[in-house]
Every structure is written in structure tokens, then in C-alpha cells.
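Here's the structure, in C-alpha cells; my notes come after.
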Amino acid sequence: MEKLFMKGNEALAEGAIRAGCQLYFGYPITPSTEIIEYMAAHLSKRGGTFVQSESEVAAIYMVFGAAGSGQRVMTASSGLGISLMQEGLSYMAANELPAVLVDIMRTGPGLGGLGPTQGDYFQATKGGGHGDYHLIVLAPDSVQEMADLTATAFDLADGYRNPVMILADAVLGQMMEPVSFENIHVHTYEKPWATTGAKGRQRNLITSYNLQNETGEIKAIHLEHKYQAIQEQLQWAESYQTEDAEYLLVAYGTSARVCKGVVHALRATGVKVGLLRPIALWPFPTQVFQSYLDHVKGYLVVEMSAGQMIEDVRLAIQHQAPVSFYHRQGGMVPQQEEIVAQFNRVFLEGGHTS
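Just so you know, we're using the working numbering here: the sequence shown kicks off at 213 and counts up by one.
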């Protein structure tokens, strides 16, 4: 199996091309810039089209148009650039247009900094823009998953007719690891709804404009049912050394990488602890969490934010066990010894749980 040594951002872009991404529209912003650089250098040579837009707002509406014509299309940005795309994302969700959006998170709020963070969780998983809608959100924790989950994102987008976001932090975007692309293939989906020209068929109209309350409710209920189906069918998490676990760490992305070392360190002292890593952040893997309710005594959620995913963890376990929290912010990554100390203080020394 051939492996290449690549940055996470580069592996993501290569994975997208191999998954059949035909068009890329975007505007450069650190720490996602390697994605647009890679697309600029490679996409047109392999039959695709690359355009650097004048802004993130322009980019998302270019994505809207390309998705409406049935093409596999992607854009990427970071933090404040994703904020500028929210209106367009709401329009795309309303019109059920499949596309892939990548957020390589940088610190905020405001202009923020270039360090790693997980502060965009709410923005990604709770909609972000106006109206009742959801993006499917996938969270890689390695360079290999940066490629693999991007390919999966295109299939999920086409299969469910819904925008899909890859949510990764700056560490994953910038780090280098060996990566293989042998398992990435192009899968095609019928798109009879696409605006491909109306010769010989009834025209397709893509619009979310609706002044009739009754038909507006019908559309909203249709989307609600689709989201319910996605929640039932896409329950995706990694269970790491959880078979006999009495305690669970919960983390995603770079935080989860650190937590695997924490699991090893605590097990070396005789503590039965495992890691539950959500791979799909929306829909949140509630069913997976509930499968542990009968034997897990407590949870420690680790995030690079002030505490966002922890709310979904509490809802998933229905407050049936104590949930504690450890975090770093402002571009700082939680360290293994810090998490071990927090775990011992909370669960083994009788400290405070939230």
C-alpha cells in the first residue's frame, strides 16, 4: 500500500479530488490556505475547475450554483470566513443542495488567532445561519481521516441531498502524517432534480422562496423528517478501550488524540477508562452513548473550547451519570498530564463534577 507524507489540509484536498470533486471555489485564510493552494495547483490538471473568489460570500454562492447543476463541489475556510458563508449555507440546506464545506478552525471570537480551537462546534452542529436546518458534520482526528472523511462527505451529501461540513482544528490541518488514498473511489448518484437543461423534460426550479404558510410548513416538515432519518441512520463514533470501562473520556479531533494517551496512562495505574470519540458531530451519536449507561460511572469531556460538545453529551446520557469537563482555550492544546490530573481530582479524589 503506497503512502504519501502530507499535511492534513493537502490530504483533504487530494481526497476530495479522488472522490470526484469537480469544482472548487474559495478564498484563502490561515490555517486552511493549503487546501486552496492544492486545489489551485492540481484540480484543473485533473479535469476540474478552480476559481479563487473575491470573498467567502461570493464563494458560497458559487458553490450554490454548481451544486444546483448537480456537480460535486467544495469550499473551505476558517472561523470568520465560515461566518460569512452562513446565509448561503442556509439557502443550500433549504434547497437540499449537496456540497462539502471544510472549516479548519482558528481561535476566536472576532479576528482571533491562528492556533487550534474547537470553538466552532455550535456554529457547525446547530445550523449557524437562519431557520431550522442542519448540516451533517464530520470530525477527523488524523491526516488519514482528513482524506477519508472528505470522500465520505461527498457520498453523504449526495445520498441525503444535504450540505456536509468537515470540522477540524488547525493542528490537524497543519500536521504531517503518512496517508493512503487506495480506499477512496468515486461513487455516482442520480440527480433528477438538478438544473441540467430542460430539453425533453419538465424544468427543475431551485428556490426556497415561499409566501404561502401552508406550503411552507409542508417543506419544513419534509426537512424535519429527513433530519430524523439521518439521525437514526448515522450514529458514528469510535469506541477506544471501552469494553470494560467504568469511566469514559469524550473528545473529538486533536483533543481525542491526546485522550488516547490519557487512557493508556490511567489504565497503567489500574483505572478502567476508555475513550468515546464522536466522528459524526451532527447527528450526535446519542445511541452509542446510551449503550454505555448501565455500567459507566462518570464522563470527562475534553475540548479546546469553553464547553460546547459537553451539552450534547449531557443530553445523550440523560443526566444519568456525572459529567465533568476539562478544557484549554486561545490556541492551547490540552496536555496528557493535565487531563490525568483532572480525572484523578474529579473521580478518584472526590472533586467537583458538573
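The beta carbon of each residue, even a glycine, is placed where N, CA and C say it ideally should be.
Would you mind sorting residue i into buried or exposed? The rule is 16 or more other CB atoms within 10 Å of its CB.
{"i": "Leu368", "result": "buried"}
{"i": "Leu350", "result": "buried"}
{"i": "Met286", "result": "buried"}
{"i": "Glu246", "result": "buried"}
{"i": "Arg284", "result": "buried"}
{"i": "Pro243", "result": "buried"}
{"i": "Glu214", "result": "exposed"}
{"i": "Ala645", "result": "A question about residue 645 goes unanswered here, because the residues of the chain that appear run from 213 up to 566."}
{"i": "Gly220", "result": "buried"}
{"i": "Asp568", "result": "This structure cannot speak to residue 568, because the chain is shown only from 213 to 566."}
{"i": "Ile491", "result": "buried"}
{"i": "Phe237", "result": "buried"}
If we ignore side chains and look at the alpha-carbon of each, how far apart do residue i and residue j end up?
{"i": "Pro328", "j": "Pro321", "result": "13 Å"}
{"i": "Leu292", "j": "Ala480", "result": "42 Å"}
{"i": "Leu474", "j": "Arg557", "result": "Checking the sequence shown, residue 474 turns out to be Val, not Leu. Distance between the alpha carbons of Val474 and Arg557 is about 14 Å."}
{"i": "Cys471", "j": "Glu426", "result": "49 Å"}
{"i": "Glu308", "j": "Gly280", "result": "9 Å"}
{"i": "Val552", "j": "Ile229", "result": "40 Å"}
{"i": "His437", "j": "Ser295", "result": "27 Å"}
{"i": "Leu560", "j": "Ser289", "result": "42 Å"}
{"i": "Tyr239", "j": "Tyr303", "result": "20 Å"}
{"i": "Gly486", "j": "Ile433", "result": "39 Å"}
{"i": "Glu249", "j": "Asp506", "result": "49 Å"}
{"i": "Leu423", "j": "Arg469", "result": "49 Å"}
{"i": "Gly412", "j": "Pro404", "result": "13 Å"}
{"i": "Ala363", "j": "Gly562", "result": "45 Å"}
Once DSSP output is grouped into helix, strand and coil, what is the label at residue i?
{"i": "Ser536", "result": "strand"}
{"i": "Glu444", "result": "helix"}
{"i": "Gln604", "result": "Any property of residue 604 remains undetermined from this structure, which presents the chain solely from 213 to 566."}
{"i": "Glu436", "result": "helix"}
{"i": "Arg526", "result": "helix"}
{"i": "Val269", "result": "helix"}
{"i": "Leu423", "result": "coil"}
{"i": "Leu323", "result": "coil"}
{"i": "Glu394", "result": "coil"}
{"i": "Glu214", "result": "coil"}
{"i": "Glu549", "result": "helix"}
{"i": "Lys219", "result": "strand"}
{"i": "Leu180", "result": "Here the chain covers residues 213 to 566 and nothing more, so residue 180 does not appear."}
{"i": "Glu402", "result": "coil"}
{"i": "Glu429", "result": "helix"}
If I measure Cβ to Cβ from residue i and keep anything under 6 Å in the same chain, skipping five residues before and after, which residues do I get?
{"i": "Thr337", "result": "Val349, Leu493, Trp494"}
{"i": "Glu624", "result": "Look at the range of the chain in this structure, 213 to 566, and you will see that residue 624 is not part of it."}
{"i": "Val462", "result": "Leu488, Tyr511, Val513, Val525"}
May I ask you to check if the CB of residue i is nearer than 7 Å to at least one heavy atom of the ligand FMN?
{"i": "Ile430", "result": "Looking for the ligand FMN in the displayed structure turns up nothing, as the structure carries no ligands at all."}
Can you find the residues in the same chain that come closer than 8 Å, C-beta to C-beta, to residue i, ignoring five residues on each side of it along the sequence?
{"i": "Leu326", "result": "Thr242, Pro243, Arg318, Thr319, Ala382, Gly543"}
Using C-beta distances below 7 Å, list every residue in its chain close to residue i, excluding the 5 sequence neighbours before and after it, in chain order.
{"i": "Thr407", "result": "Gly280, Ser281, Asn416, Ile418"}
{"i": "Lys509", "result": "Glu458, Tyr459, Ala533"}
Ignoring anything shorter than 3 residues, give me the beta strand (DSSP E) runs that lie fully in the stretch 336 to 384, in order along the chain. As far as the stretch 336 to 384 is concerned, its whole beta strand (DSSP E) runs of at least 3 residues are 348 to 350, 376 to 381.
* To do: Please list the segments of the alpha helix (DSSP H) lying wholly inside the stretch 239 to 320, counting only runs of 4 or more residues, in order along the chain.
  => Restricted to the stretch 239 to 320, the alpha helix (DSSP H) segments that are unbroken, complete and at least 4 residues in length are 245 to 254, 268 to 280, 292 to 296, 298 to 306, listed in chain order.
Which whole runs of the alpha helix (DSSP H) in the stretch 444 to 521 are 4 residues long or more, in chain order?
-> Within the stretch 444 to 521, the complete alpha helix (DSSP H) runs of at least 4 residues are 465 to 479, 498 to 502.
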